Amino acid sequence: MMRTLVSLVEDKPGTLNRVVSLFRRRAFNIESLTVGHTERPGVSRMTIVVDSARTDSRKVEQNLQKLVNVLSVEDVTDHAAVLRDLAVIKVRTAEGTRSEIMQVVSTFRGRIIDVGLETLVVEATGPDEEIDRLVEILRPFGILEMVRTGRVAMVRGDVMEANNKKAR
Amino acid sequence: MKRSGAQIVWEMLRHEGVEVVFGMPGGSIMTTYHPLQDYGIRHVLIRHELAAAHAADGYARVSGRVGVAMATSGPGATNLTTGIATAMMDSIPLVCITGQVASSTIGSDAFQESDITGITLPITKHNYLVTDVDELAETIHEAFYIAQTGRPGPVLIDLPKDVQCAVTDFAVPEDRVDLPGYHPDCMIDDAALDRAAERIESAKRPVILAGHGVVRAGAREELRLLAERMEMPVATTLLGKGSLSETHPLSLGMVGMHGAAPANHAVQEADLLLALGMRFDDRFTGCLERFAPHAAVVHVDLDVSEIGKNVPVDVAIVADVRDVLKGLLARASKASHVAWIERIEVLRADAKEHEVLEHTDSESLTAPHVIDEIWRQTGGKAIVVADVGQNQMWSSQYYRSDGVRPFVTSGGLGPMGFALPAAIGAQIAAPDAEVWVIAGDGGFQMNIQELATVVQEDLPLKMAVLNNGFLGMVRQWQEFFFDHRYESTRLLSPDFARVARAYDIAGERAGTQKESEDAIRAARSPKAGPALIEFAVTSEGDAGNVYPMVPPGAALHEMMRRPIAVGSKGQGAGR
Numbered sequence: 021m022m023r024t025l026v027s028l029v030e031d032k033p034g035t036l037n038r039v040v041s042l043f044r045r046r047a048f049n050i051e052s053l054t055v056g057h058t059e060r061p062g063v064s065r066m067t068i069v070v071d072s073a074r075t076d077s078r079k080v081e082q083n084l085q086k087l088v089n090v091l092s093v094e095d096v097t098d099h100a101a102v103l104r105d106l107a108v109i110k111v112r113t114a115e116g117t118r119s120e121i122m123q124v125v126s127t128f129r130g131r132i133i134d135v136g137l138e139t140l141v142v143e144a145t146g147p148d149e150e151i152d153r154l155v156e157i158l159r160p161f162g163i164l165e166m167v168r169t170g171r172v173a174m175v176r177g178d179v180m181e182a183n184n185k186k187a188r
Numbered sequence: 012m013k014r015s016g017a018q019i020v021w022e023m024l025r026h027e028g029v030e031v032v033f034g035m036p037g038g039s040i041m042t043t044y045h046p047l048q049d050y051g052i053r054h055v056l057i058r059h060e061l062a063a064a065h066a067a068d069g070y071a072r073v074s075g076r077v078g079v080a081m082a083t084s085g086p087g088a089t090n091l092t093t094g095i096a097t098a099m100m101d102s103i104p105l106v107c108i109t110g111q112v113a114s115s116t117i118g119s120d121a122f123q124e125s126d127i128t129g130i131t132l133p134i135t136k137h138n139y140l141v142t143d144v145d146e147l148a149e150t151i152h153e154a155f156y157i158a159q160t161g162r163p164g165p166v167l168i169d170l171p172k173d174v175q176c177a178v179t180d181f182a183v184p185e186d187r188v189d190l191p192g193y194h195p196d197c198m199i200d201d202a203a204l205d206r207a208a209e210r211i212e213s214a215k216r217p218v219i220l221a222g223h224g225v226v227r228a229g230a231r232e233e234l235r236l237l238a239e240r241m242e243m244p245v246a247t248t249l250l251g252k253g254s255l256s257e258t259h260p261l262s263l264g265m266v267g268m269h270g271a272a273p274a275n276h277a278v279q280e281a282d283l284l285l286a287l288g289m290r291f292d293d294r295f296t297g298c299l300e301r302f303a304p305h306a307a308v309v310h311v312d313l314d315v316s317e318i319g320k321n322v323p324v325d326v327a328i329v330a331d332v333r334d335v336l337k338g339l340l341a342r343a344s345k346a347s348h349v350a351w352i353e354r355i356e357v358l359r360a361d362a363k364e365h366e367v368l369e370h371t372d373s374e375s376l377t378a379p380h381v382i383d384e385i386w387r388q389t390g391g392k393a394i395v396v397a398d399v400g401q402n403q404m405w406s407s408q409y410y411r412s413d414g415v416r417p418f419v420t421s422g423g424l425g426p427m428g429f430a431l432p433a434a435i436g437a438q439i440a441a442p443d444a445e446v447w448v449i450a451g452d453g454g455f456q457m458n459i460q461e462l463a464t465v466v467q468e469d470l471p472l473k474m475a476v477l478n479n480g481f482l483g484m485v486r487q488w489q490e491f492f493f494d495h496r497y498e499s500t501r502l503l504s505p506d507f508a509r510v511a512r513a514y515d516i517a518g519e520r521a522g523t524q525k526e527s528e529d530a531i532r533a534a535r536s537p538k539a540g541p542a543l544i545e546f547a548v549t550s551e552g553d554a555g556n557v558y559p560m561v562p563p564g565a566a567l568h569e570m571m572r573r574p575i576a577v578g579s580k581g582q583g584a585g586r
């Protein structure tokens with residue numbers, strides 16, 4: 021099962037290196053890792069996805085917590101959370117396929133962000149399984165390039181991650 | 012007041028209460044060395060930076076304070092790394108300060124540049140590259156705080172040359188540190204404590220497993236009280252040795268690959284293990300799947316990531332061992348386990364049957380004889396610093412701890428060559444104590460250059476070099492598991508006694524039990540300074556192997572025992 025951890029870290033030189041080095045050293049397998057700014061200056065937010073069949077997410081949590089630059093770690097898998105992945109996909113178009121592709125993309129609430137003579141660039145966000153399905157459907161048309169950000173997560177409603185509050 | 016980065020280093024070390032620094036200057040740290048004599052801090056000039064890290068480690072283990080090592084950039088810094096990894100594995104508080112090339116040249120492959128913060132990332136508790144002199148004082152204060160709070164560990168501070176030179180307004184930083192992601196204090200979970208107490212109360216065959224955490228927490232007294240009140244036998248890890256006197260009736264000795272047979276059997280037969288400040292290392296557990304099959308486990312450790320790491324736990328308490336022991340003492344009523352203690356007496360009698368000291372003839376000298384003799388003559392009151400390998404296991408078996416003095420050795424990393432420099436640190440931490448190095452011929456040659464430091468610092472160290480002509484532990488494995496093929500383990504060594512004398516250290520050689528006794532006595536005479544004794548000990552066969560031995564993959568109770576009817580010589584297969 022995929023488990024999603026949300027971690028707030030200090031935005032200092034080397035912090036990402038410390039986190040990644042820890043995963044390597046402890047032989048943790050990470051499915052995806054995203055990092056970016058938060059609402060607070062000096063604090064970055066990581067979303068880490070772990071396949072619990074291969075890596076014990078509790079160990080990831082416990083070991084991350086020990087890093088001095090890690091402010092908080094929380095497993096949000098069992099919370100009601102919004103999970104989003106962003107994909108940018110360059111698809112080959114041929115005679116007659118262009119409108120078909122555009123239809124598929126709009127069904128997935130994606131957008132066409134670039135049109136070339138023989139290509140379309142598609143942008144889509146959504147839960148990662150939904151993006152997986154879009155990719156499968158686009159594959160027969162010919163995917164020339166693709167980039168995905170990996171999952172980001174946020175707990176729904178008024179609840180902030182408990183540790184998030186503590187870390188303030 | 013205006014201070015340079017170099018001066019701030021010493022201002023802050025003095026502020027943190029540092030009395031001694033182990034190190035060696037070089038191009039990128041000499042700026043920091045320059046003002047040293049204005050600050051009244053003792054500097055011990057070692058002969059290799061690795062020895063600085065090990066000496067700071069030995070100092071920390073004996074003094075209970077933070078050990079400080081200093082080295083230059085590049086090779087100076089990389090030479091520290093084995094010592095830093097040693098401290099990390101054994102949770103020893105160190106602060107290592109390294110010089111670095113000037114900030115402007117970092118990344119240009121400058122002369123003696125190495126990315127030491129990158130290199131030490133996985134072997135430090137935390138590390139810093141200071142790029143602004145205004146952050147230096149605060150950083151040093153944080154480093155000391157991190158090194159010694161929570162589960163202790165090494166912290167490295169890398170100091171570019173320009174930061175050492177830069178001048179700024181200096182004021183001692185406030186006591187509190189601003190580390191929002193670091194929470195070393197644990198709250199005891201009272202409910203977990205209640206559950207632990209219930210488990211202990213209902214156990215029929217309980218064993219306490221005392222680890223390094225007991226020693227570090229200063230919880231020896233509480234441990235003894237609980238063990239006595241609840242009549243619980245106490246087994247230790249290698250680094251937990253010293254948490255209870257090994258002549259105490261409830262002491263079982265060490266558990267593990269070369270643990271005491273009664274301790275190993277007791278763990279396998281126990282119905283409850285109260286594990287205190289230890290981490291179920293593989294050398295301790297033997298085959299994990301068949302470790303302590305009947306036992307519920309109550310695990311107490313400061314570090315939450317140790318809970319359930321190797322062994323499933325029934326009750327977990329993440330807290331300081333001493334606080335937990337106090338909590339258990341408040342809950343525990345008197346108990347006795349007559350049948351269990353009787354069983355342990357049977358195990359003890361059996362162990363005596365296999366004891367090498369009972370069986371070898373009086374002529375030949377074995378390593379156990381030597382260490383037993385040191386123990387007898389010192390009355391168990393010496394600080395023993397053991398190296399790594401057979402000598403280390405024999406030291407743990409035959410130098411019975413008095414439950415007061417530390418037993419210093421590397422438990423986790425196992426770097427040969429640890430003992431001599433660590434003993435230098437130990438002797439400096441305890442100048443009036445009798446400190447003995449126990450090492451093999453292989454390990455002693457790994458830091459033999461530190462004999463110069465011993466003389467330079469006028470340390471009355473006693474050094475026992477057990478010379479069996481081999482990398483002994485590897486040879487033992489070759490004898491047992493690799494067809495007796497002694498591939499690359501036979502060692503050529505110098506005449507250690509003459510080497511010692513070349514350094515102006517009294518050097519002796521002993522080849523019989525009588526010579527051994529006399530040499531130890533002479534080395535201990537009140538006016539003797541530093542002394543080295545080379546003991547020519549049995550190298551092979553049943554008296555040259557460390558027993559018991561839990562072979563790789565075997566469970567603790569399946570240990571190989573020393574054959575009962577043996578002579579002391581020859582090439583016995585040992586099975």
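So the sequence lines, in the order shown, correspond to chains A and B.
In this text, residue positions in the first sequence follow our numbering: the first is 21, and each later residue adds one.
In this text, residue positions in the second sequence follow our numbering: the first is 12, and each later residue adds one.
We put the CB at the ideal spot given by N, CA and C, even for glycine.
Keep in mind the model is a prediction, meaning the values are calculated, not measured.
- Here residue 37/A is exposed, its C-beta having fewer than 16 other C-beta atoms within 10 Å.
- For the 7 Å CB-CB criterion, residue 163/A and residue 121/A do not form a contact.
- In the assembly as shown, residue 115/A is an exposed residue. Its beta-carbon has fewer than 16 other beta-carbons within 10 Å.
- Look at residue 15/B here: in three-state DSSP terms it is strand.
- By the rule that beta-carbons nearer than 7 Å mark a contact, residue 367/B does not touch chain A.
- Interface residue (Cβ-Cβ distance to chain B less than 7 Å): residue 176/A is not classified as such.
- Within the same chain, and ignoring the five residues on either side of residue 61/B in sequence, the residues whose Cβ sits closer than 6 Å to its Cβ are 90, 93 and 94.
- Judged by DSSP in its simplified three-state form, residue 466/B adopts helix.
- Residue 83/B places its beta carbon 7 Å or farther from that of residue 118/B.
- At the C-beta level, residue 21/A and residue 69/A stay beyond 7 Å of one another.
- Sorting 85/B, 282/B and 421/B by C-alpha distance to the C-alpha of residue 402/B places 421/B at the top.
- With a cutoff of 7 Å on beta-carbon distance, residue 534/B and residue 527/B are scored as not near each other.
- Under the three-state reduction of DSSP output, residue 27/A falls in the strand class.
- Contact between the stretch 86 to 100 of chain A and the stretch 168 to 178 of chain A is present, with at least three C-beta pairs closer than 8 Å.
- Straight-line measurement puts the Cα of residue 154/A at about 7 Å from the Cα of residue 128/A.
- For the alpha helix (DSSP H) assignment, the uninterrupted runs of no fewer than 4 residues enclosed by the stretch 370 to 427 of chain B are, from N- to C-terminal side, 378 to 389 and 401 to 409.
- Residues of chain B whose Cβ lies closer than 8 Å to the Cβ of residue 26/A do not exist, since the nearest Cβ in that chain is about 15 Å away.
- Taking 9 Å as the cut-off between beta carbons, the residues of the stretch 188 to 217 of chain B near chain A are 190, 191, 192, 193 and 194, in sequence order.
- Excluding its 5 nearest sequence neighbours in each direction, residue 176/B has C-beta neighbours in its own chain below 8 Å: 15, 16, 17 and 42, listed in chain order.
- Identification of chain B residues near residue 79/A by a Cβ-Cβ cut-off of 9 Å yields 316, 319 and 320, ordered along the chain.
- Residues of chain A whose Cβ lies closer than 7 Å to the Cβ of residue 133/B are, in chain order, 41 and 45.
- Residues of the stretch 134 to 163 of chain B with a C-beta atom less than 7 Å from some C-beta of chain A are 137 and 157, listed in chain order.
- The alpha-carbon of residue 171/A is positioned some 7 Å away from that of residue 67/A.
- Of 554/B, 168/B and 28/B, the smallest CA-CA separation from residue 367/B is found for 554/B.
- Residues of the same chain with a CB within less than 6 Å of the CB of residue 302/B, apart from the 5 flanking positions on each side, are 296 in chain order.
- When only Cα atoms are considered, residue 562/B and residue 428/B end up about 25 Å apart.
- Under the Cβ distance rule, residue 91/A counts among the residues neighbouring chain B, one pair being separated by less than 7 Å.
- By the Cβ neighbour-count rule, residue 418/B is buried, with 16 or more other Cβ atoms within 10 Å of its own.
- From the listed residues 441/B, 426/B, 199/B and 151/B, the smallest Cα separation to residue 453/B is found for 426/B.
- Judged by their CB atoms, residue 231/B and residue 343/B are not nearer to each other than the 7 Å cut-off.
- Residue 276/B has its alpha-carbon roughly 22 Å from the corresponding atom of residue 212/B.
- The alpha-carbon separation between residue 483/B and residue 36/B amounts to approximately 36 Å.
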